[in-house]
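Notes follow the structure.
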Amino acid sequence: MEFQGRDIISIEDFSRQEINHILDVSRSMEPLASKGSDMLKGKILATLFFEPSTRTRLSFETAMLKLGGSNIGFAEAEIASVKKGENLADTVRTVENYADAIALRHSLEGAAKLAAEFSKVPIINGGTGAEEHPTQAFIDLYTMRKEKGKIDGLKVALIGDLRYGRTVHSLAYALALYNIELYLVSPESLRMRKDVMQTIKNKIPVTEDANLESIIPHIDVLYVTRIQKERFPDAAEYAKVKGAYKIDLKTLKNAKKDLIILHPLPRVDEIAPEVDYTPQARYFQQVWNGIVVRMALLSLVLGAVK
Amino acid sequence: MEFQGRDIISIEDFSRQEINHILDVSRSMEPLASKGSDMLKGKILATLFFEPSTRTRLSFETAMLKLGGSNIGFAEAEIASVKKGENLADTVRTVENYADAIALRHSLEGAAKLAAEFSKVPIINGGTGAEEHPTQAFIDLYTMRKEKGKIDGLKVALIGDLRYGRTVHSLAYALALYNIELYLVSPESLRMRKDVMQTIKNKIPVTEDANLESIIPHIDVLYVTRIQKERFPDAAEYAKVKGAYKIDLKTLKNAKKDLIILHPLPRVDEIAPEVDYTPQARYFQQVWNGIVVRMALLSLVLGAVK
Amino acid sequence: MEFQGRDIISIEDFSRQEINHILDVSRSMEPLASKGSDMLKGKILATLFFEPSTRTRLSFETAMLKLGGSNIGFAEAEIASVKKGENLADTVRTVENYADAIALRHSLEGAAKLAAEFSKVPIINGGTGAEEHPTQAFIDLYTMRKEKGKIDGLKVALIGDLRYGRTVHSLAYALALYNIELYLVSPESLRMRKDVMQTIKNKIPVTEDANLESIIPHIDVLYVTRIQKERFPDAAEYAKVKGAYKIDLKTLKNAKKDLIILHPLPRVDEIAPEVDYTPQARYFQQVWNGIVVRMALLSLVLGAVK
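Chains H, E and X are the protein sequences, given in the same order. In the working numbering, each residue's number is its place in the first sequence (first place is 1) plus 18. In the working numbering, each residue's number is its place in the second sequence (first place is 1) plus 18. In the working numbering, each residue's number is its place in the third sequence (first place is 1) plus 18.
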């Protein structure tokens, strides 16, 4: 199990043993996230965000700062040389001279993989296309294990946009490595992508088209995602669907006391604000977990921890 | 008088005694601003600028760096999750995980107050709506005291856009805590807001619609603000008004030798460039003072000084 | 030869002896670029980029970080006070309070010179108008000397857009201080600017309208620049010209084994990707050299090295 110099492109590149190691290292980062560290002093992370993102970019930058490192980069394609027609391979072969690792967000699927082919320094996929967002999956797993003690044995429901939401694809792949039961709840038009289904349904029991009301008393983890308005050609259709997948206090009436509700954020209105104050809400704690997991990933690929 | 963990939302939240303490701490920051400090090593400031600003954002970031801290953030709403529909409360509950304090600029009045209600970490208002810009007011007061020895006893004229200029509102509230005489000079349509007038005119002598020519021989501080073209429906009206409030050498002919001219900047043409070279000009010195005052505020709310 | 406090505006301000000293200091920065340094601890560079640029901005920021310093700034004019109508002189007189040096990119020729007239801190020209890009010229010279042992005696060809490409103007001025032979290869409409020609042709042998095919067996350095589509009123004219100046394996068939190919990047398609893997390609190594040269310039003007 070697992490130094490794790219973080797809959750599928990691074994269960490797994921568990990442979660262990993440836990060891908790005190350093609070009191700081000089573990990566002198190291530079380049955050190349061709698509905007507050959360992921600031989370990576915070992780780097808390390890004593520094950041360079850009927050949108508009301010980059891309405007002059530079291709991604050239951008990467330029930036690898500046930085010890590169965190990349891009609208095109496969962008992180392409970047990794050209880069001498580790590429960390910060979300590409509608396909993958592996660091978010590590964060989701870390949150489940931190909150529930272990991942094996959990009953997990994924709800919302399972087709275009990149976080749920990475998460589904990862969960399939554990001994869990998976429930998928989504409108017909936003059902889980076929290629993901093929991979996971041979490994774990998956119930598609689950009805939230009937499963809510049994599940341990409710993972909610944003339904993106722009995916619906018809506004009326969107309005109908949207309402059906809104989590509020009524939804939670029959839920387990120790259910945890996760969301990769940003949220629009798929979770009512009243839910924020329930003991089940964990989506803001996930943000903190994002720092420790990214600290773990950065220190692993940069060789600061084994 | 406790500052650790405190939000800096409105100048009205501060007593005269507290403001004086902030000015004292600011003075003690002068040597650190020159030679640097590690007082906030390991601390992170998030600068969330939903409205663009060179000066305020760079000033906060410089203050943080000179205290040994680091910065994360964004410089415009376009590159933030706001595009995806996230509300300010969620943004704050996310970023409080990354940062030890948040400096916020926003186009909406009340945004800083709302942020403070949701945030575990101190919120510093970096300018919200047309209402308040409290850190600029501390800078203005600090500059007056540094240049004139004390604030009590001064005759201060505010000139320009007193209705929409957020800096003059905060400054007027603060000046009303001192024993000063205030003169307000503005076009009819840009007169000081009624709510501000109500508060201050019971505390200090205020002369509204002062004529600059007749008061210029008597005043100690001339505080000039930009008249924003976009406030005028009629271009001819703007042209007429603009000329009447332009400070040049002729304006200063009868001024006191030790008058000081302040301006929160950016300036357009309300102060002629020839004035820059007079002994009265202090608006670029104000920029330096902005660093030391923000160093004081950051180290106070983060508990590094009492 | 005094560098502390000096502006880097135009390559023409530097003697051959001074340039050689900068190249010597650059070489001494190579180990520090790898292992880091605290030479500029506590110092702040402001990168004021009124025009976007990935490479130059990130290169300056990386140089500063590797010397232990910090960065503030903006990556495009849109997010600056410029929107509010502030002039460059005021921006500079503001930012000089925050930073120990300012790296400036601007669309207007003369912007760096103007900035230097107003600034107390050193201004480093990071590319202004179509005129000058002096730090890139130092990088080009450094790369030639590093790769070929010396600059004197080299046969250098500049190819592409010699009229609007700001890097070739600075480079031509610098090369004219050395004992070299210069070949200029460009379409008629993009020939080297007359004022540059006047200066250089009295100092070194210059062959204009050189035919690449006939000179390629003799030259030591092939410096390629991007031909900007937007310079051509007629798309057909562009297409014709573009093809004539594309470097591919066929172009290199008769080249010297130890020819080096440089390009200031970004490239569009004037160098075929197949060339990247030839032993002659040096344009990505130039990016690394950009860091060490900018480390040298920053430590010189900030007085950290003599």
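Beta carbons: idealized from backbone N, C-alpha and C, even for Gly.
Got a sec: does the ligand NAP put a non-hydrogen atom nearer than 8 angstroms to the Cβ of His-281 (chain E)?
-> No copy of the ligand NAP occurs in the structure displayed, which carries no ligand at all.
Pick from H:Leu-66, H:Ile-27, H:Ala-119, H:Gly-60 that is closest to Lys-84 (chain X), judged by C-alpha positions | H:Gly-60
Backbone CA spacing between Arg-211 (chain X) and Ile-289 (chain X) [nearest angstrom] | 23 angstroms
For the beta strand (DSSP E) that contains Val-43 (chain X), what are its first and last residues?
-> Element bounds for Val-43 (chain X): not the beta strand (DSSP E) but the alpha helix (DSSP H), 34-53.
Is the shortest distance between the beta-carbon of Val-139 (chain X) and the beta-carbons of chain E less than 9 angstroms?
-> no
Cβ of Arg-123 (chain X) less than 9 angstroms from any chain E Cβ?
-> no
In terms of alpha-carbon separation, which member of X:Ser-188, X:Ile-245, X:Ala-119 lies closest to Ile-29 (chain X)?
-> X:Ser-188
Inter-residue Cα distance where the pair is Leu-126 (chain X) and Leu-200 (chain X) | 28 angstroms
Would you mind working out which of E:Arg-300, E:Pro-49, E:Thr-185 sits nearest Ala-148 (chain E), comparing C-alpha positions?
-> E:Thr-185
From the beta carbon of Ser-317 (chain H), is the nearest beta carbon of chain B less than 9 angstroms away?
-> Although the question refers to chain B, the structure presented lacks it and instead comprises the protein chains H, E and X.
Which runs of the beta strand (DSSP E) spanning at least 3 residues fall entirely within the stretch 97-157 of chain X, listed in chain order?
-> 119-124, 141-146
Closest to Arg-209 (chain X) by CA distance: which of X:Gln-298, X:Asp-108, X:Ala-155, X:Asp-179 is it?
-> X:Asp-179
Who pairs with Leu-58 (chain E) in a beta bridge, going by DSSP?
-> Leu-58 (chain E) is not bridged to any residue.
Determine the DSSP secondary structure at Leu-195 (chain X), reduced to helix, strand or coil.
-> coil
If the cut is a Cβ gap below 9 angstroms, which residues of chain H does Val-305 (chain X) touch?
-> Arg-111, Thr-112, Val-113, Glu-114, Asn-115, Tyr-116
Name the two residues that bound the continuous beta strand (DSSP E) containing Asn-89 (chain H).
-> 88-92
Buried or exposed (CB count within 10 angstroms, at least 16 for buried), Pro-297 (chain X) = exposed
So, are the CB atoms of Val-310 (chain E) and Ala-51 (chain E) less than 9 angstroms apart?
-> yes
Tell whether a beta-carbon distance below 9 angstroms holds between Ile-40 (chain X) and Leu-315 (chain X).
-> yes
Step through the CB atoms of chain E and report whether any lies within less than 9 angstroms of the CB of Ala-155 (chain X).
-> no
Does DSSP put Tyr-241 (chain X) in a helix, a strand or coil?
-> strand
Between E:Val-286, E:Asp-25, E:Arg-300, which lies nearest to Lys-138 (chain E) when the distance is taken from Cα to Cα?
-> E:Asp-25
Within 7 angstroms of chain E by C-beta, residues of the stretch 48-63 of chain H in sequence order | Gly-54
Ignore the nearest five residues each way along the sequence and tell me which others in Ile-237 (chain X)'s own chain have a CB closer than 6 angstroms to its CB.
-> Lys-173, Ala-175
Mark Pro-251 (chain E) as exposed unless 16 or more other C-beta atoms lie within 10 angstroms of its C-beta, in which case mark it buried.
-> exposed
For Asn-285 (chain H), decide whether its Cβ has a neighbour in chain E, counting only Cβ atoms nearer than 9 angstroms.
-> The identity of residue 285 (chain H) in the sequence shown is Arg, whereas the question assumes Asn. Cβ-Cβ to chain E under 9 angstroms: yes for Arg-285 (chain H).
Segment contact flag, the stretch 213-229 of chain X with the stretch 67-83 of chain X, C-beta cutoff 8 angstroms, min 3 pairs | no
Specify, as a first and last residue, the run of the beta strand (DSSP E) that Val-174 (chain H) falls within.
-> 173-177
Contacts of Glu-79 (chain E) in chain X (Cβ-Cβ under 7 angstroms) = Ile-90
Alpha-carbon spacing of Ala-253 (chain X) relative to Val-286 (chain X), whole angstroms | 16 angstroms
Closer than 9 angstroms to chain X by CB, Lys-264 (chain E) | no
Mapping DSSP to helix, strand and coil, what is Tyr-160 (chain E)?
-> helix
Just grab the DSSP bridge partners of Leu-63 (chain X) for me.
-> X:Asn-89, X:Ala-119
Under 8 angstroms from the C-beta of Asp-108 (chain E): neighbouring residues of chain H | Leu-283, Pro-284, Arg-285
Is there a Cβ from chain X that is less than 9 angstroms from the Cβ of Glu-104 (chain H)?
-> yes
So Ile-278 (chain X) and Val-239 (chain X) are in contact, right, with Cβ under 8 angstroms, and what is the actual spacing, rounded?
-> 6 angstroms
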